[in-house]
Structures are given as C-alpha cells and as structure tokens.
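Residues in the sequence shown are numbered from 336 upward in steps of one, following our numbering.
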Amino acid sequence: MSKIEPLTKNLWVAQSAVFATNSALLLDAGSCYLVDPGITPTELDHIVAFVAGSRATLRGIVLTHAHWDHLLGPERFPQAPVIAQDAYRALLRRHASDLIRQVTDWRTETDVPQERSFVPPNPDVTFSKQLRLYLGPTTLRVLATPGHAPDHCSLYESRSGLLWAGDMLSDLEVPMVMDTFAAYRQTLRRLAALEIRSLVPGHGTPTTDPREIHDRFAGDLVYLGEVYDCAAKAVEQGAELAETLDCCVSIPFAQPDSYPNAHRWNIEQAYLEAGGKVTGIAGWAQDWA
Ligand SMILES: [Zn+2]
C-alpha cells in the first residue's frame, strides 16, 4: 500500500510504485493544492481519501508537464482547476494522441481497468514565467523551468526552502533533455541560486541533506555540459551521428539505472542542437514515435 508521508509542515508526498513518481499534497489554512497526482487507481484512491480527510478545500492541481505519467490525476478531481505552463497547450495539440496511446498501452500492460478512456487534461489556468499560489500565509511560486520539456514547471516555497523540481534533479533518472540543453542548463543554474532546504524530484528520493542537494545540481550540470560539448565538438569536426555516439557514450552520469535509452537520446539531442544533420528520426522525438 502506498504511503503519503509528511516532508515539511505543509507538504505531504505520495510516491507511486510506477517509476517512483512523486505527487505533492500541499496543505495550509484549510486550502490544498496537488501537484502531479497519480498514478495507479489505488494510489489515486488514497490521494482522494487523504484530501477528503483533511477537510481542506482543493484549490487546484498543478501539472509540471505534459508527459503521460504526470497527467492521470485530474480526472479524479473534476472540480479542481488545472494549472500548467503556457507551452503545455501546444504540447497537447501536438501530442494528445501520443499521450492517449501511451496511457492506453500502460493500462493494457499492467492490467489497469479501463473504465473510461484517458483524455489529457486541459488547463484552466496557464502562466508564462511565474504564477503565485496562496495557501493561507504560504506562498507557492510556480516557475517555468524548461529543459526537460518546453512546458516544464517547478514549485518553490521560500519559507521552508522547498523545491518541487518536477522531472529534474533525480537520484534515479539521468537528466532527459526533451527540450534543449541550453534551456535545461539555464534552468538548473537559475534554480541553484535559490535557498533550497528540501528537494523533491518528480521521480526518486526526496532529500533535505544540503550536500546531496548540492551534488544533484552539480552532477547534472556537469553531465549536461559534457554531453553537449562532446556532441558539439563532433559536429564541428564533421562527425556523423554514429561516430558521435561512439565518442560520447562513455560520459559518466550518477543514475546508472536510468531509462535505458535516455543517455543515447541525450547525445543525439545534443548533436541535433549543435547543428548536426541526420536522416530519419533521432533524439527524444523517438520517445513519441
Ligand atoms: Zn517527464
């Protein structure tokens, strides 16, 4: 049975058995916000029961980005406004059918009953750079943090020093650059300037250890820099994609059990971003294919 554990005074975290995906329940002064609630029907039952038991008013659901494993909660809370970054709508226009297929495939593979077909949630509220949400005396800043995806956002709460990172800064998954290396690195540098005392990734282990928080930022920034520089140098020297992969594949990263294609697709993505030419499909576009 999945547990919903307190991490700070106002934050409870529910971790799914699927990809160790984290859902946030932020509560204060009789109000509640959810972030990426999911994933299995049983896990969502627990989140629904927790919200009902708290007697707090659910003010909204923040979706950190339009990847299928972050989108299954809103249908269980039909009254709650859905909040997302501006670029989410464009992602949905482009990939709604892919998202439906991915959810349907996952439900079939894992025998999740399909009472109704999945509809990717449409946002009620969107923002471009930053949105403030208020929970009594607590102010949550929802920040646009592109890099993993163009529509990616994270949450920051300054009093507790909480960063809800979304799909970044994980101890399980290598950074996955489905947007651009430039955006990802700029986002990490910007977030690293915040005072962070609790870090929760979208997948993996939350941490309050200052050394661990520092090391996750530093490790991911070094990795992203090395992959991009390696691919850019290869492009400059006129290397084909296959040679570039051979050259860059040994770059180390701190999350050895990551999604198996992630590192190679990152190298391909860097090759494309640096101006390399390919025939056919390469990089993270393969994830939608
Ligand atoms: Zn994602």
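Glycine included, every Cβ here is placed at the ideal spot set by N, Cα and C. Because the structure is a prediction, the values reported are computed rather than measured.
- Task: Using three-state DSSP, classify E340 as helix, strand or coil.
- Result: In the three-state reduction of the DSSP assignment, E340 falls in the strand class.
- Item | Range of the contiguous alpha helix (DSSP H) that encloses V397 | Looking at the DSSP string, V397 is not in any alpha helix (DSSP H); the run it does join, the beta strand (DSSP E), is T392 to V397.
- Query: Should the stretch 405 to 414 be regarded as contacting the stretch 445 to 465, the criterion being three or more beta carbon pairs within less than 8 Å?
  - Reply: yes
- Message: So within the stretch 472 to 554, which uninterrupted alpha helix (DSSP H) runs reach at least 4 residues, ignoring any that extend past its ends?
- Response: 516 to 527
- Would you give the residue range spanned by the alpha helix (DSSP H) that Y423 belongs to? A422 to E444
- Near T473, which residues of its chain fall below 7 Å by C-beta distance, leaving aside the five closest residues on each side in sequence? Within the same chain, Cβ atoms closer than 7 Å to the Cβ of T473 are found at N345, D363, E492 and R494, the five residues on either side in sequence being excluded.
- Message: Closer than 7 Å to a non-hydrogen atom of ligand 1 - does that hold for the CB of A484?
- Response: At least one heavy atom of ligand 1 lies closer than 7 Å to the C-beta of A484.
- Item | Opening and closing residue of the alpha helix (DSSP H) in which N601 lies | Annotation: the continuous alpha helix (DSSP H) that includes N601 extends over A597 to E608.
- Task: Could you give the DSSP three-state label for V447: helix, strand or coil?
- Result: In the displayed model, V447 falls within coil according to three-state DSSP, outside both helix and strand.
- Query: Using 8 Å as the threshold, is the stretch 576 to 584 in touch with the stretch 541 to 549, meaning 3 or more CB pairs across them?
  - Reply: no
- Message: Applying the 10 Å Cβ sphere with the 16-neighbour rule, what's the burial state of M336?
- Response: Here the model assigns M336 a pLDDT of 47, short of 50, so the residue's position is not dependable, and the following value carries that caveat. That one is exposed.
- My guess is that W623 and W600 are in contact by the Cβ rule of under 8 Å, so how many angstroms apart are they, rounded? Actually they are not in contact, since the Cβ atoms of W623 and W600 sit about 11 Å apart, beyond 8 Å.
- Query: Which residues in the same chain have their Cβ closer than 8 Å to the Cβ of K338, if we skip the five residues on either side of it in sequence?
  - Reply: Cβ within range, chain order: A349 and Q350.
- Is it buried or exposed for V535, if we count other Cβ within 10 angstroms and need 16 for buried? buried
- Task: Determine the contact status of F385 and Q420, defining contact as a CB-CB distance below 8 Å.
- Result: no
- Between the CA atoms of V557 and A566 - distance to the nearest angstrom: 14 Å
- Item | Exposure of E608, with buried meaning 16 or more beta-carbon neighbours within 10 Å | buried
- Task: Please confirm whether L576 and G611 have their CB atoms less than 8 Å apart.
- Result: yes
- Item | CB-CB length for G395 against I418, believed under 8 Å | Contact holds; Cβ gap of about 5 Å.
- Query: Which class does D363 belong to by DSSP, given the choice of helix, strand or coil?
  - Reply: strand
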